[in-house]
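Using my numbering, you'd call the opening residue of the sequence shown number -12 and step up by one each time. Read the structure below first, then the notes.
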Amino acid sequence: ESITVSELANRMAERAADVVKSLMKMGLMVSINEAIDADTAELVIEEFGHRTVRVSDADVEQVIDTVEDKEEDLQARPPIITIMGHVDHGKTSLLDRIRQANVVSGEAGGITQHIGAYQVKAESGAVLSFLDTPGHAAFTSMRARGANVTDIVVLVVAADDAVMPQTVEAINHAKAADVPMIVAINKIDKPAANPQKVRTDLLQHEVVVEEMGGDVQTVEVSAHTGQGIDTLLEAIALQSEILELTANPKRPAQGAVIEAKLDVGRGPVATVLVQNGTLKRGDIFVVGEQWGKVRALINDKGDRVDEAGPSVPVEVLGLNGTPEAGDVLNVVETEAQAREIAEYRENAAKDKRAAAGAAITLDQMLARAKADETLVELPVVVKADVQGSAEAIVQALEKIGNEEVRVRVLHYGVGAITESDIGLAEASGAPVIGFNVRANAPARNSANQKGVEIRYYSIIYDLIDDIKAAASGLLSAEV
Ligand code: GDP
């Protein structure tokens, strides 16, 4: 950690020349644009009679309540569900239908607001929280920002169509995030519906449904007629029980932003899904690079509420700026702390942007793996020109390694490298391998921005050799 003389002078509101002079007194010959270390800076600050406030990642963590919850404070919390699947398989229709099936406090049609998530009650009484943005793009970008909000993925597959490319992507995104899946076989009302084909299709993608001896539940539903919706909700409730999801409603809130906007009348508004603790009116918080004080909380029915507990989505008013989806919200004690942390993060983000083009290369990943002994998997995303090559590559890659190290193909497919591939790679810190295919323009931009490495090959042996070298690098790192 260091700071330039001019920056230090700036922050103390002193003349840079005076700072240089005081450094000279300490025996240090430094020019205005040179940097000094934090300890020296602290001496200078004291010399000028100012107080030092050093903020670092560690300080931020101290201010934000990271105390572990006591066992007796933990209570069951509702699961948070994301719906994924191929386009036109009925994700939106299903979300709408579930919303209508809402029986929370018997107020039919009570939901009028779209705030990015909503809660419903299953017949058994279990409360479930659904994210209102279907698809894996939102899911993955949230994950890339560090917000793992989804507990259960409902994979929608149309019974008259079966497994499609985006179905496979969704499966791989859920697997990469280690989130359990429930399959909703939709459009069961259609004469051409063939749910059995869906089940066998899934088997080819290592999704083994209960009917075939696996542990993935399937439910036949129709978003049109409403058939099977209750059963689906109960299946989710059951899965949630198995996961034993808990939270401590007594602690200061921590949550994730799922939507944020600048509202003309209300100022910056963020929908936050509380993940732990209880968010209350009047709470002071920091969220990403922004901070604020909760002026009002509005639930998914459009009602003002005084507080929101675990897994409850609420709109939060009282922000000083608009955060981004995926930003984490933490309640802190004082406004000074909130402001300080937000400022620190803003500066850190600037520094990070300044170090642009800092793509994670395969080599850097290896270096990182060396530092982190527990990493024994080399994740990769593979795209190829034809199915045959893709499969041959995946098979060869999966043979590399032993019980200590292995290559993990997060996703493979045919066609150009897309933004979805980059998103997945970023979220898992993986490179993308293109075999006889290129990245399209949006994917290239996104890879540059996110620092995802793309490697192109046209000869399988080269590809395998490189990955082998990478994997054996991981191996020797273990020794
Ligand atoms: P998304 O792209 O996955 O969000 O799919 P949509 O919800 O937009 O649905 C795509 C199309 O399938 C629309 O025309 C829907 O009306 C239709 N659809 C969705 N669910 C069902 C269903 O259960 N039965 C039938 N027959 N059609 C459905």
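Just so you know, even glycine gets a beta-carbon here, dropped at the ideal spot from N, CA and C.
{"Asked": "heavy atom of the ligand GDP below 8 Å from residue 81 C-beta", "Found": "yes"}
{"Asked": "Which listed residue (261, 35 and 151) has its alpha carbon closest to that of residue 8", "Found": "35"}
{"Asked": "C-alpha gap between residue 281 and residue 260, whole angstroms", "Found": "14 Å"}
{"Asked": "Residue of 316, 71 and 385 minimising C-alpha distance to residue 121", "Found": "71"}
{"Asked": "Beta-carbon spacing of residue 170, residue 196 below 9 Å", "Found": "yes"}
{"Asked": "Presumed contact (8 Å Cβ cut-off) between residue 150 and residue 81, rounded CB distance", "Found": "Not a contact, Cβ separation roughly 17 Å."}
{"Asked": "8 Å CB neighbourhood of residue 105 in its chain, flanking five on each side removed", "Found": "86, 89, 98, 116, 117, 119, 287 and 300"}
{"Asked": "Ranges of the beta strand (DSSP E) found wholly within the region 0 to 86, counting only runs of at least 3", "Found": "22 to 24 and 67 to 72"}
{"Asked": "Identity of the residue in 249, 245 and 240 nearest residue 268 by Cα", "Found": "240"}
{"Asked": "For residue 243 and residue 55, the rounded distance between their alpha carbons", "Found": "19 Å"}
{"Asked": "Check: residue 175 C-beta below 8 Å from any heavy atom of the ligand GDP", "Found": "yes"}
{"Asked": "Contact the region 251 to 266 vs the region 289 to 297: 3+ CB pairs below 8 Å", "Found": "yes"}
{"Asked": "Minimum C-alpha distance to residue 235 - residue among 165, 58, 372 and 402", "Found": "58"}
{"Asked": "Short Cβ contact (9 Å threshold) for residue 427 with residue 404", "Found": "yes"}
{"Asked": "Where the beta strand (DSSP E) containing residue 398 begins and where it ends", "Found": "393 to 401"}
{"Asked": "Best match in 457, 337 and 334 for proximity to residue 384 [C-alpha to C-alpha]", "Found": "457"}
{"Asked": "Length of the line joining the Cα atoms of residue 136 and residue 203", "Found": "20 Å"}
{"Asked": "Any non-hydrogen atom of the ligand GDP within 8 Å of residue 208 CB", "Found": "yes"}
{"Asked": "Contact test: residue 72 Cβ vs the ligand GDP heavy atom, cutoff 8 Å", "Found": "yes"}
{"Asked": "Residue range of the unbroken alpha helix (DSSP H) whose run includes residue 182", "Found": "182 to 190"}
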